[in-house]
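**Q** For reference, the structure I am asking about is given below.
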Amino acid sequence: LHGQRWDLASLRGKAVLINFWASWCAPCLVEMPSLQALARRHGPEQLVVLAVNFKESAPTAQRFVQRTGLDLPVLLDPAGAIARQWKVKVFPTTVLVAADGRVQALVRGELDWTGPQAAALVEPLFRTAPRKTP
Numbered sequence: 048l049h050g051q052r053w054d055l056a057s058l059r060g061k062a063v064l065i066n067f068w069a070s071w072c073a074p075c076l077v078e079m080p081s082l083q084a085l086a087r088r089h090g091p092e093q094l095v096v097l098a099v100n101f102k103e104s105a106p107t108a109q110r111f112v113q114r115t116g117l118d119l120p121v122l123l124d125p126a127g128a129i130a131r132q133w134k135v136k137v138f139p140t141t142v143l144v145a146a147d148g149r150v151q152a153l154v155r156g157e158l159d160w161t162g163p164q165a166a167a168l169v170e171p172l173f174r175t176a177p178r179k180t181p
C-alpha cells in the first residue's frame with residue numbers, strides 16, 4: 048500500500064509468511080489479528096509477514112487497514128496474478144517460506160497463528176539455514 052516493491056529473493060535468509068486475503072473474506076478477517084500477533088512476536092528480522100490483498104482497490108485495502116489497525120506490509124494483487132502464481136484457490140491461503148527460499152508449507156483456510164498448530168509450522172522455518180550461492 049505504500050509503494051514498496053517486494054522481491055522474495057531479497058528476503059533470502061529470513062523466514063517469510065505470505066498470506067493471501069480479501070476484505071470480503073470472513074475467515075481472513077478472523078485470522079488477521081493472530082497473524083499480526085505472530086509478526087510482532089518474532090519481529091521482521093526473524094519472520095517477514097506479508098499480507099497480499101486479492102483483487103481489491105488500494106482504497107478498499109486502505110480502509111480495511113485503517114479500520115483494523117493492521118500494521119503488516121500489505122501488497123496489492125489487483126489482477127490476481129500473484130495469487131495465480133502461487134495457485135491460490137481459497138481464502139485465506141498462507142505460504143510459509145524458509146530462510147533458504149524453499150516453500151515449506153501451504154495452509155489453505157483460517158488458522159490461529161498464535162496456537163500450537165501454527166508454531167509447529169513456523170518454528171522449522173527458522174532452523175533451515177540459507178543455501179549458499181556459488
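Here the sequence shown is numbered in my numbering, starting from 48 and rising by one per residue. Here a beta-carbon is modelled for each residue, glycine too, at the ideal position from N, C-alpha and C.
1. If we count the other Cβ atoms within 10 Å of its Cβ and call it buried at 16 or more, is residue 160 buried or exposed?
2. Report buried or exposed for residue 77, applying the criterion of at least 16 other Cβ atoms within 10 angstroms of its Cβ.
3. Suppose contacts are defined by Cβ-Cβ distances below 9 Å. Is residue 156 in contact with residue 137 by that definition?
4. With distance defined between alpha-carbon atoms, name the residue in 154, 69 and 148 nearest to residue 56.
5. Could you give the uninterrupted runs of the beta strand (DSSP E) lying entirely in the region 85-169, keeping only those of 3 residues or more?
6. Any idea if residue 134 is buried or exposed, counting beta-carbon neighbours within 10 angstroms, 16 or more meaning buried?
7. Short check: CB of residue 146 to CB of residue 168, under 9 Å?
8. If you reduce the DSSP assignment to three classes, tell me which class residue 62 lands in.
9. Return the chain-ordered list of same chain residues with a C-beta closer than 8 Å to the C-beta of residue 69, the five sequence neighbours on each side being excluded.
10. For the putative contact between residue 105 and residue 122, defined by C-beta atoms under 8 Å, what is the C-beta separation to the nearest angstrom?
11. From residue 109 to residue 170, what does the alpha carbon distance come to, in whole angstroms?
**A** From the atom records:
1. In the sequence shown, the residue the question calls residue 160 occupies position 113. Counting Cβ neighbours within 10 Å, residue 160 comes out buried, since at least 16 surround it.
2. Looking up residue 77 in the sequence shown gives position 30. That one is exposed.
3. Position 109 of the sequence shown, counted from the first residue, corresponds to residue 156. Position 90 of the sequence shown, counted from the first residue, corresponds to residue 137. It is a contact, given that the beta carbons lie within the stated cut-off.
4. Numbered from 1 along the sequence shown, position 9 holds the residue referred to as residue 56. It is 148.
5. For the region 85-169, whole beta strand (DSSP E) runs of length 3 or above, ordered along the chain, are 94-101, 121-124, 140-144 and 150-155.
6. What you label residue 134 is simply residue 87 of the sequence shown in a count that begins at 1. Residue 134 comes out exposed.
7. Taking the sequence shown and counting its residues from 1, the one referred to as residue 146 is at position 99. Taking the sequence shown and counting its residues from 1, the one referred to as residue 168 is at position 121. No, these two residues do not count as a Cβ contact at 9 Å.
8. Taking the sequence shown and counting its residues from 1, one reaches residue 62 at position 15. It is a strand residue.
9. Translated into positions along the sequence shown, residue 69 becomes position 22. Excluding sequence neighbours, residue 69 sits near 75, 100, 101, 102, 103 and 138.
10. Residue mapping note: residue 105 aligns to position 58 of the sequence shown, counting from 1. Residue mapping note: residue 122 aligns to position 75 of the sequence shown, counting from 1. Not a contact, Cβ separation roughly 11 Å.
11. Locating residue 109 in the sequence shown gives position 62, counting from the first residue. Locating residue 170 in the sequence shown gives position 123, counting from the first residue. Each residue's alpha carbon lies about 31 Å from the other.
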